[in-house]
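Taken in sequence, the protein lines are chains A and B. My numbering applies: residue 4 is where the first sequence begins, and numbers increase by one. My numbering applies: residue 371 is where the second sequence begins, and numbers increase by one. Idealized CB from N, CA, C, for every residue including glycine. The structure displayed is predicted, hence computed values, not measured ones.
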Amino acid sequence: MSFLTFAWDWLKSPQQWQGPDGIPSRVLQHLAYSGLSLLIATLIAVPLGLLIGHYGRGGFAVVNVTNIWRAIPTLGLLILVVVLLGLGVLAWLIPLVALAIPPILVNTYEGVAGVDPELKDAARGMGMTSWQVLWKVEVPVAVPLIMLGLRTGAIFVVATATIAAEIGVGGLGRYIIDGLASNNYGEVAGGAAVIVVLALLIQLVFTGLRRLVVPTGLRLQARSSR
Amino acid sequence: MITFDGVTKRYPDGTVAVDSLNLDIPDGKIMVLVGPSGCGKTTTLRMINRLVEPSAGRVLLDGRDVADANPSRLRRGIGYVIQQTGLFPHRTVEDNIATVPMLTGRKKADARARARELMELVGLDPPTMARRYPHQLSGGQQQRVGVARALAADPPVLLMDEPFSAVDPIVRAALQDELIGLQARLHKTVVLVTHDVEEAIKVGDLVAVFRPGGRLAQVDSPERLLGAPADDYVRDFVGFDRGIRRLSFFRAVSLDLATDSVLPAATTLADAITVGKRAGEPWLLVVGGDRKPLGWAAVADLESGPPDATLAGADLAPVGHTFRPEADSLRAALDATLLSRTERAVGVDDGGQVLGTTSYERLRDAIRAAEEAADRAADPVGGGR
């Protein structure tokens, strides 16, 4: 109860909703950090996952390396990057990209590698080239899993982008760091609540996106087999 | 014409899937490759469209070595149908069928119009089916889409790998009939792989029987294969089905039915026991005054009853399936005998009156005699090739 009361008192005060420290501008900062990290992670992980899944080599390594990778604490990586490279954009970008890569990579790989061998055989037997098999068959069929990977990555990144505040940049993490430093628990609770709401919204956005990009046939099939 | 010229496929682990195969597949015929699993029949099929490359020898399509062709272009000119259909789940029926025309650069509207033509050809209604997705179709409909997709670019050659194995027997029989009907109109060169001898005999113009180790045992018409198997292997492979199936063509009228253990209901138990012991039969068939069967009496049970009682009051086992020797085949007589708890079946005339009973010995004699007569008639020259 006290958490909600603290949070509510903080949130309803009009000064939280304006100016450069206000919630709207912090949300935009947060989304900018998260979006950039997710974009870079996607540009690395999706092509890699597609290639490994398509050629069927290195899948075992992908799963194992990403499992170890997942065990790296993001905050620890942040401190390491700061020590090695100093403060700057890379200091928060590298840990967030590193965080988003494993779910996107593994799901993309699994999505492509898991395409029914009969489908690939039929596609090849009808005269599709290796690239046509990838783009016309494997990618469309793998889209639901690829989208799942992107959604998981996005939620990880949005929830974890708070660490950027640790090294003195903006985003919603500011409220938590600053609130803790000044014993303002209303600010901590309110900031946490905003992050939770943002993560839920991201989930909704990806659910909508999924409806747009998953081929109709697969969506109907998934629904009828449920 | 497809020619296998000394073709061998050896895998890196040393397994020989196909061994020195020489085979000609003539234009416009259905050639069925049949054999047990692991005999190399699917590998053979897949070497035609280069999904598998031979280790030695050449595969010629109309005189040209397929190894010289660009694999994708080669495959676009050869229809390909597989067991689980391999239909693309993200594409509608018409777009699945339009796959190869689209690959070869035809316009989408054009390719879809062609797809609808093919749907008509394989018996699918375009207005209701064209925009559906594969998972919304039955197994038989999916397989028809698979065939239509393979025919879309009007290839002269059609490869079918166990095309009907995944559907139930009734649908399978219908699809086989449709293939035969389709082929009568289209005259494609069809190579069909199956493990089912019945299917091979039914749909093939020519049947190539493979033996384990990827060697060819016999290539012949279905009739020759049944009438003159080349060796014991082929005889065993086609023989079991052949024997049972042939019984359908032999009338049961040649059966010598037993009448000595058929007794009227008015017979006393003492007389019945005497007859049973003389005939050496544990069961007696009891008939009414109209000679229609009432049931089976067990001789062993009769001994406990009063000797002057009649069979009319005895406990009788049901008659079971009857057959009519004038109309039914030896297969029906054998079947009725197999199903009977007394190991004997009752032959009746058109009026349902008992003519006599079978036994395994009597069936065996009749089958032997009928087969010998048929063999003499089918193969007057005597002997194989």
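Beta-carbon of residue i versus every beta-carbon of chain A: anything under 8 Å?
i: ASN392(B); result: no
i: ILE372(B); result: no
i: PRO459(B); result: yes
i: GLN454(B); result: yes
i: THR727(B); result: no
i: LEU654(B); result: no
i: VAL527(B); result: no
i: HIS505(B); result: yes
i: THR413(B); result: no
i: ARG434(B); result: no
Quick one, which of the options has its alpha-carbon nearest residue i's?
i: GLN512(B); options: LEU704(B), ALA684(B) and SER535(B); result: SER535(B)
i: PRO533(B); options: ARG746(B), ASP389(B) and LEU549(B); result: LEU549(B)
i: VAL216(A); options: MET150(A), LEU87(A) and GLY182(A); result: MET150(A)
i: VAL632(B); options: PHE620(B), LYS477(B), PRO652(B) and GLU490(B); result: PRO652(B)
i: ARG29(A); options: VAL172(A), VAL100(A) and ARG60(A); result: VAL172(A)
i: PHE63(A); options: LEU88(A), LEU83(A), ALA116(A) and VAL100(A); result: ALA116(A)
i: LEU733(B); options: ASP698(B), GLY433(B), LEU627(B) and SER508(B); result: LEU627(B)
i: VAL567(B); options: LEU655(B), LEU391(B) and PRO406(B); result: PRO406(B)
i: ARG395(B); options: GLY433(B), TYR381(B) and ARG420(B); result: Note that residue 395(B) is Ile in the sequence shown here, rather than Arg. Comparing Cα-Cα distances from ILE395(B) to each of GLY433(B), TYR381(B) and ARG420(B), the minimum goes to GLY433(B).
i: VAL656(B); options: LEU725(B), THR707(B), LEU431(B) and GLU731(B); result: LEU725(B)
i: LEU153(A); options: SER16(A), PRO17(A), ASP12(A) and SER40(A); result: SER40(A)
i: GLY551(B); options: THR564(B), LYS399(B), MET417(B) and VAL463(B); result: LYS399(B)
i: SER442(B); options: VAL136(A), ALA225(A) and ASP181(A); result: VAL136(A)
i: GLY376(B); options: ASP383(B), THR385(B), SER390(B) and PRO382(B); result: SER390(B)
i: ARG738(B); options: THR469(B), ARG585(B), SER624(B) and ALA554(B); result: SER624(B)
i: ALA697(B); options: ASP720(B), THR707(B) and ALA682(B); result: ASP720(B)
Using a Cβ-Cβ cutoff of less than 6 Å, which residues in the same chain neighbour residue i once the five nearest sequence positions on both sides are dropped?
i: VAL492(B); result: ARG514, VAL517 and ALA518
i: ALA202(A); result: ILE158, VAL161 and ALA162
i: PHE9(A); result: TYR188, GLY189 and ALA192
i: TRP95(A); result: ALA167
i: PRO677(B); result: LEU639 and ALA640
Give every residue of the same chain whose Cβ lies closer than 7 Å to the Cβ of residue i, excluding the five residues on either side of it in the sequence, and list them in chain order.
i: LEU108(A); result: ALA48, LEU51, GLY52, VAL65 and THR69
i: THR165(A); result: GLY174, LEU175, GLY176, ILE179 and ILE198
i: LEU672(B); result: LEU639, ALA642, ILE643 and ALA684
i: ARG581(B); result: GLY405, CYS409, ALA587 and TYR603
i: ASN110(A); result: LEU148, ILE149, LEU151 and GLY152
With a cut-off of 8 Å, does the C-beta of residue i fall near any C-beta of chain B?
i: PRO218(A); result: yes
i: GLU113(A); result: no
i: ALA145(A); result: no
i: GLN224(A); result: yes
i: GLN21(A); result: no
i: MET129(A); result: yes
i: SER185(A); result: no
i: ALA125(A); result: yes
i: THR210(A); result: no
i: VAL136(A); result: no
i: VAL160(A); result: no
i: LEU122(A); result: yes
i: LEU221(A); result: yes
i: VAL140(A); result: yes
i: THR77(A); result: no
i: SER40(A); result: no
i: THR132(A); result: yes
i: SER37(A); result: no
Tell me, to the nearest whole angstrom, how far the beta carbon of residue i is from that of residue j; I am working on the premise that it is less than 8 Å.
i: SER729(B); j: GLU713(B); result: 7 Å
i: TYR686(B); j: LEU709(B); result: It should be noted that the sequence gives Leu, not Tyr, for residue 686(B). Wrong, their Cβ atoms sit about 18 Å apart, outside the cutoff.
i: GLY510(B); j: ALA544(B); result: 7 Å
i: HIS505(B); j: VAL144(A); result: Between VAL144(A) and HIS505(B) the Cβ distance is about 12 Å, and since that is not below 8 Å, they are no contact.
i: GLY130(A); j: LEU473(B); result: 6 Å
i: ALA587(B); j: VAL577(B); result: Contact doesn't hold; Cβ gap of about 10 Å is too wide.
i: LYS411(B); j: LEU403(B); result: 4 Å
i: TYR450(B); j: ALA125(A); result: 7 Å
i: MET401(B); j: GLY574(B); result: 7 Å
i: GLY456(B); j: PHE374(B); result: 25 Å between Cβ atoms; not a contact.
i: SER561(B); j: LEU529(B); result: Checking the displayed sequence, the identity of residue 561(B) turns out to be Val instead of Ser. The Cβ separation is near 5 Å, so the contact holds.
So, for residue i: in the same chain, excluding its five sequence neighbours on each side, which residues have a beta-carbon less than 8 Å away from its beta-carbon?
i: THR680(B); result: ALA635, ALA636, THR637, THR638 and LEU639
i: VAL645(B); result: ASP630, SER631, LEU633, THR637 and LEU654
i: VAL751(B); result: With a pLDDT of 48 at VAL751(B), under the threshold of 50, the modelled position of this residue cannot be trusted, and the question is left open.
Does at least one heavy atom of the ligand MG sit under 7 Å from the Cβ of residue i?
i: VAL217(A); result: As far as ligands go, the structure on display features none, and thus does not contain the ligand MG.
Subject >> Runs of beta strand (DSSP E) lying entirely within the stretch 515 to 556 of chain B, each at least 3 residues, in chain order >> reply: 527 to 531
Subject >> Length at least 3, wholly inside the stretch 143 to 215 of chain A: the beta strand (DSSP E) runs in chain order >> reply: none
**OP:** Return the chain-ordered ranges of every beta strand (DSSP E) run that is complete within the stretch 95 to 124 of chain A and spans a minimum of 3 residues.
**Re:** none
**OP:** Give, in chain order, every unbroken run of the beta strand (DSSP E) that is at least 3 residues long and sits entirely within the stretch 646 to 691 of chain B.
**Re:** 653 to 657 and 663 to 668
**OP:** Just list the alpha helix (DSSP H) runs in the stretch 412 to 484 of chain B, keeping only unbroken ones of 4 residues or longer that don't cross its boundaries, in chain order.
**Re:** 441 to 446, 463 to 467 and 469 to 473
Subject >> Entirely enclosed beta strand (DSSP E) segments - the stretch 551 to 638 of chain B, minimum 3 residues >> reply: 559 to 564, 576 to 581, 585 to 590 and 632 to 634
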